[in-house]
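Colleague: Okay, handing you the structure first.
Protein chains: 2
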Amino acid sequence: MAVTQVEIRSGAYYDSVLLMHLQRSLAALPNILDAGVVMGTDANKEILAQSGLLRPEAQATAADDLLIVVRAADEAAAQSALAQVDELLTRRRVSLEQEYRPQSLETAVQTLPEAHWVLVSVPGRYAAGVARQALRLDRHVFLYSDNVSLDDEMALKRTAAEKGLLIMGPDCGTAIVNGVGLGFANRVRRGPIGVVAAAGTGLQAVTSRIHRLGSGVTHALGTGSRDLSQAVGAVAARQGLDLLSRDPDTQVIVLVSKPPAPAVADGLLRAARSAAKPVVVDFIGYRPSARQVDNLHFASTLDEAAELAVSLTKDEGRRTEDEGRRTKSSPFAPGQRYLRGLFSGGTLAYEALHILQDYLPGVYSNVPLDKQYRLANSLLSQEHTIVDLGEDEFTVGRLHPMLDNDLRIRRLQQEADDPEVAVILLDVVLGYGAHPDPAGELAPAIAEARARAEQAGRHLEVVAVVVGTDEDPQGLEAQIRQLEAAGARVETSNEAAVRAVGRLLRSGETKDEGQRPKSVDLSVLHRPFAAINVGLESFTESLRAQGAPVVQVDWRPPAGGDERLAALLERMRG
Amino acid sequence: MAVTQVEIRSGAYYDSVLLMHLQRSLAALPNILDAGVVMGTDANKEILAQSGLLRPEAQATAADDLLIVVRAADEAAAQSALAQVDELLTRRRVSLEQEYRPQSLETAVQTLPEAHWVLVSVPGRYAAGVARQALRLDRHVFLYSDNVSLDDEMALKRTAAEKGLLIMGPDCGTAIVNGVGLGFANRVRRGPIGVVAAAGTGLQAVTSRIHRLGSGVTHALGTGSRDLSQAVGAVAARQGLDLLSRDPDTQVIVLVSKPPAPAVADGLLRAARSAAKPVVVDFIGYRPSARQVDNLHFASTLDEAAELAVSLTKDEGRRTEDEGRRTKSSPFAPGQRYLRGLFSGGTLAYEALHILQDYLPGVYSNVPLDKQYRLANSLLSQEHTIVDLGEDEFTVGRLHPMLDNDLRIRRLQQEADDPEVAVILLDVVLGYGAHPDPAGELAPAIAEARARAEQAGRHLEVVAVVVGTDEDPQGLEAQIRQLEAAGARVETSNEAAVRAVGRLLRSGETKDEGQRPKSVDLSVLHRPFAAINVGLESFTESLRAQGAPVVQVDWRPPAGGDERLAALLERMRG
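Same order as they appear, the protein sequences are chains A and B. Position 485 (the first sequence) corresponds to 485 in the numbering used here; numbering is contiguous. If you count the second sequence from 1, you need to add 1000 to reach the numbering used here.
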């Protein structure tokens, strides 16, 4: 009958690679049926139990105890296997230590002074300490380790931002800097697309797809999975966005993350909007109100983010036009700031309210999206207002506004006389059943409204969306011409009209971006990549395979793994 | 100084067109500055007040009192204008009544028996009665009137559904049936796209844009704005969808509405899914989780809905392929029904959870979207489960699963032995830093898991998503080949892999569609359009202009506008 035997080593530190190899070596010994070599955390003990490897005496182990278990065909085989543990550990260690390895970060920096990056993948409880040291030495940090506390993350990112250093992570699995992959990274062509990702395999999926689509990547910067939380406030993501905005080689930016905290998302999207290049956003599972808002393009899957980015690199002309439109100076007098939308079509009004969410803080209406913006009186506008004049309240004993323009014309004059009104938006719906010549009545009213505003020293912008076809009895072109002659800007798409209005009114949101992080020098991306690696040796191997200079530190836990002593030493260092 | 004078006529019925013309005629008289002619509702009185036309004596009028107000340069002009009211009303009426008009719906039906439609646009409080009469006469109803009670709407739609009749509305502004526009409708080319809309100007905007894009419309059916509420339950929308699904001329359906009640949306989307053609959905402001789920295509704006529909009419091949895939019979044994997703990439796991919302009711996870689906124990799956094996809990003193496949292989065997498991989904992430040959370890485990299930009389489907590039050190093609040789279905897109899994597992949702409305005979769409019009004369004029036979009823409120008497008469009729 099979026997299971256990050995426990208290307070000893071994890296995870060593443990994996020990487990495999044990399992490969004669008459050994299975083996487990893990640190004694509850999760690991449960996993052992799943495999029938948990013995009663192992239950009491703590997270920093090493737990070695073998299940063998007989007692002799089990004992023989456990007796070989030391030898197996030593054999492995010797094979690793054939080259010179500095034992501290300081020494490593002297050995390879051009290494401006430190990769950290030691166990979580030690990782913040190593990262702090790296920042002290003015190195950017790629912090692969997980199980780092939120407090440590916040403190590290604050320090990094103050010093103009990048810190990707903790729990940052991947990045590509100047063509070199860090952590887990696919080998992808260089090209015009930059990526910022708070989602490791998200970054890998997007960059791989970009490559497969024939395009390539400038840089792909990770942030760690918690960066976009309220507490951390997207420090790393904003640094990354800022860098890629300024990077002349990056034509299009992709931003990937799980849905951020709402306030963080707002700030980040504002920052993305002020980048003078297209930004593709995939907040996985986030449902944007539109697929595009100015330079922001929303994707719903990782694949789509990659596809959008690649197609946008081919789409320069349109971008330039959009920017030109955005930088025009305001035509309005001081105090003019509100929209008044006077709709005859309920659906058009409703769609307008939705689209305006991308531009304006809140829009009052008799059919509001949110009750708090219900007009106290449908006949009186408040701040930004969209009124649906075809609502039931207006059509008792009165024709629908598509048939009778009287109510709209009276309201138009009322709005035009309000010194706070900047833009009037209205729809003109053609077709059978509708008024035979709506523009014939509305155009003179528009011209008069604009003239009255002009006399009062204001500029009144009137935007009209005309819904109709060239076969409609009113004549689409003739209707448009009349409205344009009266000074209205005419669109045949409701979305286009509303977005034009949104852009006109969006107040200088991007101006007061006070708390931007200190700019990180662009050289971080453009210097030949060189690094010091503390932790997983496979990362050193992969950097070498990519031709990047790297020094592996022969790291051991500070104070021999005694955490209280380590904390004391850390504090003495300041 | 200007004077304002008022005349009140109690309990008299005049249609809204007449009132508009009277107001205009009065305003055009000499020395008249402004005029108002409205029914005495609170809203209308407020509108008069806005224009400075509300006199104290008008305050007390009720909703069925006619209120006539003039503001004149002097008293004489005001009195002279009011004195002409009767003459102006009569003059207008004479011009209207030159042709024969039946006075009842019954007579109208005898006059034009081929009229299978009745258009109703009388004031709201009378409209339900007229619609009921039309249904009694086995006519389909286009109910333009608003201000109809919800109870009346529910009762009318119940009756219509029982009789296999269509009722569009109340508050249905527009429709196009067999090339003829009803109510407000644009003149659009005929073509392959059918529209169902609970949004009047939405329907107009979409059909106009389809026309402008060079395509055209088979039929566009309105439902009224409340049809998709919980109370009404989308009776008309489902009738419309069902008709257009069966209509051989309709290749693509567009469904437009404000966001429906959630339960109604679910039912409607299920019905749309069972249509054997693409359905473009724009629930304005609704944020779908994906842009496409099988034959459903989600648009975020009216313009986009039209554009998508037009492009889908050009996209036949793909549709046929999708359908073929969908009708395959299940390969699984009875009882096999659950998914187990074993991910190494957290973002891929997270995206999978999101995409699966389109297919499965709830998925358990150690990183669930909704707390109620948190796994009690991350090591034990429950029902549908996606587990992220790269989470912090698994990586204390243990390598990340991208480096060490041990944990995943153990879990794979555990899931494969569960008789309720049908599909195992896993990711294989290549690249620098990752395991040098993950497929080399995973493929044999997959083959073994499938073989064990096979021996137990089950079919185990394994779907693997491989993230990587052709330049990755592991060799993308070689990794894929190994996994495929082990019997796994391999995708390089996470979305494609997850959707394939979703389709495999989606249980016969569309089978138990018990409470479908009685089918409306397709002839409603295909017979030459002919109608009886009760209400706005302009609708008769527009039908004539389109060459459709129409009879206008010379409608007067029942019992001379006495509502109690009218209700009594109505009840006597049954």
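Glycine included, every Cβ here is placed at the ideal spot set by N, Cα and C.
1. Examine chain B for any beta-carbon lying closer than 8 Å to the beta-carbon of residue 564 of chain A, and answer yes or no.
2. With distances taken between CB atoms, is the gap from residue 1159 of chain B to residue 1135 of chain B smaller than 8 Å?
3. Using CA atoms only, rank isn't needed, just tell me which of A/420, A/491, A/473 is closest to residue 1205 of chain B.
4. Between the Cα of residue 558 of chain A and those of A/550, A/570, A/549, A/548, spot the shortest distance and give me the residue it belongs to.
5. Could you name the residues of chain A that residue 1039 of chain B contacts, counting a contact when the two beta carbons are closer than 9 Å?
6. In the structure shown, what three-state DSSP assignment does residue 1361 of chain B receive?
7. Anything in chain A within Cβ reach of residue 1402 of chain B, meaning under 7 Å, just list it in chain order.
8. Taking Cβ positions only, does residue 1472 of chain B come closer than 8 Å to chain A?
9. Going along the chain, which residues of the stretch 4-29 of chain A sit with their C-beta nearer than 7 Å to a C-beta in chain B?
10. Using three-state DSSP, classify residue 1219 of chain B as helix, strand or coil.
11. Tell me the rounded alpha-carbon separation between residue 419 of chain A and residue 336 of chain A.
12. Give the interface partners of residue 258 of chain A over in chain B, defined as CB-CB distance under 8 Å, in chain order.
13. Using a Cβ cut-off of 7 Å, which residues of the stretch 192-205 of chain A contact any Cβ in chain B, in chain order?
14. Are residue 1148 of chain B and residue 1078 of chain B touching if we call contact CB-CB under 8 Å?
15. Candidates A/388, A/466, A/299: which alpha carbon is nearest residue 1186 of chain B's?
16. Going straight from the alpha carbon of residue 228 of chain A to that of residue 1476 of chain B, what length do you get?
17. I'd like to know whether the C-beta atoms of residue 1360 of chain B and residue 1408 of chain B end up nearer to each other than 8 Å.
18. I'd like to know if residue 1285 of chain B contacts chain A, where contact means its C-beta is closer than 8 Å to some C-beta of that chain.
19. Could you give the C-beta distance for residue 1253 of chain B and residue 1279 of chain B, rounded to a whole number, given that I count them as a contact under 8 Å?
20. Compute the distance between the beta-carbons of residue 1461 of chain B and residue 1434 of chain B, then report whether it is under 8 Å.
21. What is the rounded straight-line gap between the Cα of residue 1566 of chain B and the Cα of residue 1039 of chain B?
22. So, is the C-beta of residue 142 of chain A closer than 8 Å to a C-beta in chain B?
23. Can you tell me whether residue 1183 of chain B is helix, strand or coil according to DSSP?
24. Can you tell me the Cβ-Cβ gap for residue 23 of chain A and residue 35 of chain A, rounded? I've got them flagged as a contact below 8 Å.
25. Quick one: residues in its chain with C-beta nearer than 8 Å to the C-beta of residue 1578 of chain B, no 5 flanking neighbours on either side, listed in chain order?
26. Just to check my reading of the structure: residue 19 of chain A and residue 1397 of chain B have Cβ atoms closer than 8 Å, yes? What is that Cβ distance to the nearest angstrom?
27. Using the beta-carbon count (16 or more within 10 Å), is residue 16 of chain A buried or exposed?
28. Nearest-angstrom Cα distance between residue 117 of chain A and residue 520 of chain A?
29. With 7 Å as the limit, tell me which residues of the stretch 206-219 of chain A have their beta carbon closer than that to any beta carbon of chain B; keep them in chain order.
30. Is residue 997 of chain B close to chain A? Criterion is C-beta to C-beta, closer than 8 Å.
31. Could you tell me the boundaries of the beta strand (DSSP E) in which residue 968 of chain B lies?
32. Establish whether the CB of residue 1432 of chain B and some CB of chain A are separated by less than 8 Å.
33. Using the Cα positions of residue 539 of chain A and residue 224 of chain A, report the straight-line distance between them to the nearest angstrom.
34. Could you name the residues of the same chain whose beta carbon sits closer than 6 Å to that of residue 412 of chain A, not counting the 5 residues immediately before and after it, in chain order?
35. CA-CA distance, residue 1007 of chain B and residue 1071 of chain B?
36. Determine which residues of the stretch 1529-1544 of chain B have a Cβ less than 7 Å from any Cβ of chain A, and write them out in chain order.
Modeller: Looking at the coordinates:
1. Output row for residue 564 of chain A: interface = no.
2. yes
3. A/491
4. A/570
5. 396, 397, 398
6. Three-state DSSP puts residue 1361 of chain B in coil, outside helix and strand.
7. For the C-beta of residue 1402 of chain B, the chain A residues within less than 7 Å are, from N- to C-terminus, 184.
8. yes
9. Within the stretch 4-29 of chain A, the residues whose Cβ lies closer than 7 Å to some Cβ of chain B are 16, 17, 19, 20, listed in chain order.
10. strand
11. 6 Å
12. 1347, 1350
13. 199, 200, 201, 202, 204, 205
14. no
15. A/466
16. 32 Å
17. Taking C-beta atoms as the reference points, residue 1360 of chain B and residue 1408 of chain B fail to come closer than 8 Å.
18. yes
19. 5 Å
20. no
21. 20 Å
22. no
23. strand
24. 5 Å
25. This structure leaves residue 1578 of chain B out entirely; chain B is present only between 1001 and 1574.
26. Residue 19 of chain A to residue 1397 of chain B, Cβ: 7 Å. Contact.
27. buried
28. 13 Å
29. Listed in chain order, the positions of the stretch 206-219 of chain A with a beta carbon within less than 7 Å of a beta carbon of chain B are 208, 211, 212.
30. A query on residue 997 of chain B cannot be resolved here, the shown segment of chain B reaching from 1001 to 1574 and no further.
31. Past the boundaries of the shown model lies residue 968 of chain B; chain B is included only from 1001 to 1574, so the question cannot be answered.
32. yes
33. 17 Å
34. 445, 449
35. 12 Å
36. Of all residues in the stretch 1529-1544 of chain B, 1538, 1539, 1542 have a Cβ within less than 7 Å of some Cβ in chain A.
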